[in-house]
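Structure, as structure tokens:
2 protein chains.
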Amino acid sequence: MRVFIAGMDGYLGWSLAQYLAARGHQVAGADLFLRRQWVEEMGSCSATPIVPMKERLAALKESRGLEAKFWEADLRDYSVVERIFKEFHPDAVVHLGECPSAPYSMVDVHHATFVQVNNVVSTFNLMFAIRDLQPEAHLLKLGTMGEYGTPNVDIPEGFFEIEYRGRRDRMPFPRQPGSFYHLSKVHGSNNIMFACKVWKLRATDVMQGVVFGTRIDEMGSDERLLTRLDFDESFGTAINRFCCQAVIGHPLTPFGRGHQKRGFLPLRDSMQCLTLALENPAQPGEYRVFNQFEEVYDLTELAEKVRRVAEQLGLKVEIHNLENPRKEMEEHYYKPDHQNLRDLGYKPTHDVEAEMKIMLADLMKYRDRIEGKREVLIPKIRWDGTSHKVEYLSGQAVGA
Amino acid sequence: MRVFIAGMDGYLGWSLAQYLAARGHQVAGADLFLRRQWVEEMGSCSATPIVPMKERLAALKESRGLEAKFWEADLRDYSVVERIFKEFHPDAVVHLGECPSAPYSMVDVHHATFVQVNNVVSTFNLMFAIRDLQPEAHLLKLGTMGEYGTPNVDIPEGFFEIEYRGRRDRMPFPRQPGSFYHLSKVHGSNNIMFACKVWKLRATDVMQGVVFGTRIDEMGSDERLLTRLDFDESFGTAINRFCCQAVIGHPLTPFGRGHQKRGFLPLRDSMQCLTLALENPAQPGEYRVFNQFEEVYDLTELAEKVRRVAEQLGLKVEIHNLENPRKEMEEHYYKPDHQNLRDLGYKPTHDVEAEMKIMLADLMKYRDRIEGKREVLIPKIRWDGTSHKVEYLSGQAVGA
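The listed protein sequences correspond, in order, to chains A and B.
The C-terminal position of the first sequence is numbered 400 in our numbering, with every residue numbered one higher than the one before it.
The C-terminal position of the second sequence is numbered 800 in our numbering, with every residue numbered one higher than the one before it.
Following this line, the structure appears as structure tokens:
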């Protein structure tokens, strides 16, 4: 299958390129390397050393004998997307080319606008290029479980059947996202759902949980094949940040009371799931939603797990809760379905603790890189529009 | 009250400026005159003659002794919005500055992108300017009943209480909009709903039905005070288009089987409703949704009404259904609530037929203007992305 990956230089994008190439698919991708710039803007860097795309591709060839085509390209420009589609003729298009950060979208009006325009426009361009140039191509769009928010009822996979005032209908499940970034994903989902209806586009919209992990097996021991791993407040996600904190002896810092629940998934299983979706595409006109995560934990449970695993590796770890810079529920019901991918054959490979162990071992090699950017571990960007370092909560240290 | 109107040169904007000024409010507005360009792009013009804003303001002064402040300004530029807010200090901000056309948004990728970016970014700029400069100001955002689509259950005003798998929650009612324009309104609604939650913004989101009519009493007999009235496929709405067709002896052209139901409201009652919302603002943190329409009809009933009223005025009218260029349900359930505005004191003044009579009399004066653009009455823009004139349906003529 010919798979085009938008955002091939990113955390998921570079992993997926290798995963798919190893399975014999023809892979091509594009990236404008904005993620590298955004993380720099946050005063941070990837915990894992990452080489330029040219070296990544050379390493892929040397170490694995695999090839991938690449364009440094701005996918917000439709003529660019057209040119790529006319050259590559993708059977599937994976959209990982969005700005994926909630805090980044909350900085100010310019960041909010940038994130939504970037994400909506790149999605539009891919949708229209499929319609006009590759109408049979399957669009695999990365969304987030955060599109749903934390309602007081079970979360189905995209749609639910309801009775209201004595009548019944199957409707999209209401989305209650918690940042302008999450909203941009909802906008994209809504645009795609509509395109499936009117153009018979085939699409899979992946509501992904929080992904963590430093590697997939396909990266082997060639350091040039490592994917990025961020730990700043904007581009680092919960487990990844906790693990980076653990290896440098920084307290683990759940926000607020730390009872926010989320679904989690190791990077390798994210690759498995995305590939299952690609190898079993949606039908023409079908808009399919997959909730993609395995285990649900609250942030305190996660911090405890990181501590337990880190201690097995000889690290000394404290947990110290921080004031919550976000506006979110800290105690809530959370029960999302996640059956669709299992029905396609998805089998979890590593549980959270097993993956954390691999991850911590990897990260210990890069302690100095993280230590050098230690100050980015405490957030500043607040949901109320102000920006100043959040404080530790007194009397909230858990097992410190 | 100091009211800022984004989009003051438009159909609703210019009417509202006069309506509010006549009630003693201090009115200011901005416009980039894009609507005039878009209608030209459609090969059309306003059925009513419209003078430049400078002359409009002069007429307002001469005929009514009223003033309004105006900026020719691009509200997609945050620094422009900032400058206006620092000068005018609005107590209320009415956002009528979006591109309001479903067909226009369906032309191609460039139009779809333009409409969504224009609408999302201008809304963001107004939201952020309120937060940062006028935090007590009330945002009145014009949405559309089209945000809901046509579900098989009653449509509440924004939110509904549901039971799902034995648990209860109050949630946003799912939106199923029918074009990229309608989607842009949903994106805006979602962004505002979130801002109310995290910033305590106060907002009223008006899900407006299809507005029709040539005038409000405040325009009197000064032709320079007339608002625009469009009849092309993109910017003309159902009743307005039917009335324009009637006065030049063109068949009235419901799309498809013509049983699509919509809610309708005369221009003067739209002004009454918007003003009620402004004079009874939402509370800090409140995101309030008003379904704003009065009567529900299907397109065939409407065409019949236009014919009946037109015949009273001595016009000979045929109804001839057209192939439907849109993808929409042509037979469906439709029962939206509309109680919130009544609770604020809204009282319908003119029923559909009474208003049509006033309108047809007005439009008969401008027959030549409409006749000169006769070809724009048959649509070309199709929801499947192609563009060619739609055909009359054979055997579908209703009472022709």
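We put the beta carbon where it would ideally sit given N, CA and C, even for glycine.
Just so we're clear, the structure is a prediction, and the values are computed from it rather than from any experiment.
Assigned exposure category for residue i - 16 Cβ within 10 Å defines buried
i      : result
A400/A : Low local confidence applies: a pLDDT of 36 at A400/A is under 50, so the model's placement there is unreliable, with the coordinate-based value given in what follows. Exposed: under 16 other Cβ atoms inside 10 Å.
A397/A : For A397/A, the predicted structure reports a pLDDT of 49, less than 50, and the residue's modelled location is therefore unreliable. A value from the coordinates is still provided. Counting Cβ neighbours within 10 Å, A397/A comes out exposed, since fewer than 16 surround it.
H95/A  : buried
L344/A : exposed
D768/B : exposed
A406/B : buried
H110/A : exposed
E791/B : exposed
F290/A : buried
Q272/A : buried
H738/B : buried
G410/B : buried
K261/A : buried
D622/B : exposed
F255/A : buried
E136/A : exposed
S79/A  : exposed
A421/B : buried
R76/A  : buried
L433/B : Looking at the sequence provided, one finds Phe at residue 433/B rather than Leu. Counting Cβ neighbours within 10 Å, F433/B comes out exposed, since fewer than 16 surround it.
T749/B : exposed
DSSP bridge partner residues for residue i (one or two, in chain order)
i      : result
F4/A   : A28/A, V93/A
F88/A  : Beta-bridge pairing links F88/A to no other residue.
L142/A : V206/A
E563/B : R568/B
D698/B : K661/B
F70/A  : G29/A
F612/B : P666/B
L722/B : F655/B, Y792/B
I392/B : Residue 392/B cannot be examined here, being either before or after the span of chain B that is shown, 401 to 800.
N291/A : M207/A
I395/B : Nothing in the structure corresponds to residue 395/B, since chain B is present only between 401 and 800.
For residue j and residue i, believed in contact at Cβ under 8 Å, the rounded distance
i      : j      : result
K305/A : E353/A : 6 Å
R2/A   : H89/A  : 6 Å
F235/A : M42/A  : 7 Å
Q426/B : E618/B : Actually they do not touch by this definition, with Cβ atoms about 16 Å apart.
L133/A : K86/A  : 7 Å
P574/B : P172/A : 5 Å
F404/B : G429/B : 7 Å
F159/A : A512/B : The pair is not a contact, with the Cβ atoms about 24 Å apart (cut-off 8 Å).
L763/B : C644/B : 6 Å
I719/B : I162/A : Actually they are not in contact, since the Cβ atoms of I719/B and I162/A sit about 38 Å apart, beyond 8 Å.
S444/B : D630/B : 7 Å
Nearest to residue i (by Cα), restricted to the options the options
i      : options                        : result
D784/B : F290/A, M106/A, G285/A         : G285/A
R241/A : E62/A, T214/A, I155/A          : T214/A
V469/B : S479/B, R456/B, L475/B, S463/B : According to the sequence shown, residue 469/B is Lys rather than Val. Ranking the options by Cα distance to K469/B, first place goes to R456/B.
Y333/A : A112/A, V153/A, R131/A         : V153/A
S105/A : S15/A, A21/A, I50/A, I381/A    : I381/A
A595/B : T300/A, C196/A, Y181/A, Q339/A : Y181/A
L678/B : R565/B, E472/B, L626/B, L542/B : L542/B
E711/B : T749/B, A761/B, W438/B         : A761/B
V451/B : E536/B, S501/B, W414/B         : W414/B
P736/B : Y746/B, D632/B, M607/B         : M607/B
Y346/B : L420/B, V611/B, D605/B         : Residue 346/B cannot be examined here, being either before or after the span of chain B that is shown, 401 to 800.
R202/A : V93/A, I239/A, V115/A          : V93/A
S101/A : D232/A, A73/A, A129/A, G188/A  : D232/A
T227/A : I239/A, T275/A, S189/A, R268/A : R268/A
L60/A  : V317/A, L225/A, G209/A         : L225/A
L265/A : L302/A, Y287/A, I248/A         : L302/A
E547/B : T604/B, S579/B, R464/B         : S579/B
V376/A : A58/A, W71/A, P103/A, D351/A   : P103/A
Y346/A : D74/A, V81/A, V247/A, L274/A   : L274/A
* **Contacting positions in the region 168–192 of chain A - beta carbon closer than 9 Å to chain D** => Although the question refers to chain D, the structure presented lacks it and instead comprises the protein chains A and B.
* **Every unbroken alpha helix (DSSP H) inside the region 235–289 of chain A [4 residues or more]** => 238–247, 267–279
* **Those runs of the beta strand (DSSP E) which lie wholly inside the region 751–797 of chain B and span at least 3 residues** => none
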